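Q: In the numbering used here, the protein residues as written are 299 to 490. Even glycine gets a Cβ: it sits at the ideal position worked out from N, Cα and C. In this text, all values refer to a predicted model and were calculated from it rather than measured experimentally. The structure that follows is given in the form of structure tokens.
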């Protein structure tokens with residue numbers, strides 16, 4: 299019996315020590331986590347709404363996100379010649395940059411030409427891409443009016459809008475591209 303009593307006493311003492319060690323370790327762990335969190339929070343600079351809005355320039359297929367502005371085909375031709383033709387060719391035929399004009403009827407052929415006029419499903423995507431990434435050597439340097447104008451010129455050269463077209467957000471979103479039906483909606487992240 300004295301051995302059993304001694305074992306219970308020793309077991310109780312060890313349990314108390316373990317509990318004390320756990321609480322000490324927990325306090326140290328919490329302090330370490332707080333210190334780590336503080337160092338992580340010190341990285342970088344908080345971003346305000348004004349700075350964030352400069353990067354929030356995406357345009358949805360339905361036209362949400364298009365800015366105010368307008369552009370016409372003739373002005374777009376002049377801007378294209380000055381800022382785009384060096385890479386895409388004077389007529390959008392492609393040089394070191396992709397071909398933008400032509401390709402109608404080639405998608406089912408052995409040599410498909412995926413251009414704005416033959417392949418792209420939305421005119422708004424054209425605006426979004428030009429504004430975000432072009433010209434290659436100075437992305438995001440064109441004004442909204444210039445992007446609308448260049449978009450109008452490219453769409454005109456692909457036979458999608460007339461020579462006297464002037465496009466803005468509403469007009470661009472209303473354009474139905476020739477290959478619009480060539481794409482299927484992707485329901486992800488929902489179910490397939």
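Helix, strand or coil for residue 480, going by three-state DSSP, please let me know.
A: In the chain shown, counting from the first residue as 1, residue 480 sits at position 182. Correct three-state label for residue 480: helix.
Q: Helix, strand or coil for residue 356? Go by DSSP, reduced to three states.
A: Counting from 1 along the chain shown, the entry for residue 356 is found at position 58. The answer is coil: DSSP assigns residue 356 none of H, G, I, E or B.
Q: Which of helix, strand or coil does DSSP assign to residue 396?
A: Position 98 of the chain shown, counting from 1, holds the residue named residue 396. If DSSP states are grouped into helix, strand and coil, residue 396 belongs with coil.
Q: Of the choices 413, 365, 397 and 402, whose alpha-carbon is the least far from that of residue 445?
A: In the chain shown, the residue the question calls residue 445 occupies position 147. Among 413, 365, 397 and 402, the Cα nearest to that of residue 445 belongs to 365.
Q: For a test of the three-state rule: what should DSSP assign to residue 363, helix, strand or coil?
A: Indexing the chain shown from 1 puts residue 363 at position 65. The answer is coil: DSSP assigns residue 363 none of H, G, I, E or B.
Q: Assign residue 351 to buried or exposed, taking buried as 16 or more other Cβ atoms, counted over all protein chains shown, within 10 Å of its Cβ.
A: Sequence index remark: in the chain shown, residue 351 carries index 53 (1-based). The residue is exposed, with fewer than 16 neighbouring Cβ atoms inside 10 Å.
Q: According to DSSP, residue 474 sits in a beta bridge with which residue or residues?
A: Along the chain shown, read from residue 1 onward, the residue named residue 474 stands at position 176. Beta-bridge pairing links residue 474 to 420.
Q: Assuming residue 373 is part of the alpha helix (DSSP H), what are its boundary residues?
A: On the chain shown, residue 373 is found 75 positions in, with the first residue counted as 1. 371-381 is the span of the alpha helix (DSSP H), which, as asked, contains residue 373.
Q: Does the structure place the stretch 416-423 close enough to the stretch 464-483 that three or more beta carbon pairs sit under 8 angstroms?
A: Result yes; three or more Cβ-Cβ pairs closer than 8 angstroms.
Q: Can you name, in chain order, every residue of its own chain whose Cβ lies under 7 angstroms from the Cβ of residue 394, other than the five neighbours on each side?
A: The count along the chain shown starts at 1 and reaches residue 394 at position 96. Correct list, in chain order: 385.
Q: Decide if residue 355 is buried, meaning its Cβ has at least 16 other Cβ atoms within 10 Å, or exposed.
A: For the purposes of this step, residue 355 is taken as the residue at position 57 of the chain shown. Its Cβ having fewer than 16 others within 10 Å, residue 355 is exposed.
Q: In this structure, does DSSP put residue 458 in helix, strand or coil?
A: Start at 1 with the first residue of the chain shown, and residue 458 comes out as number 160. Correct three-state label for residue 458: coil.
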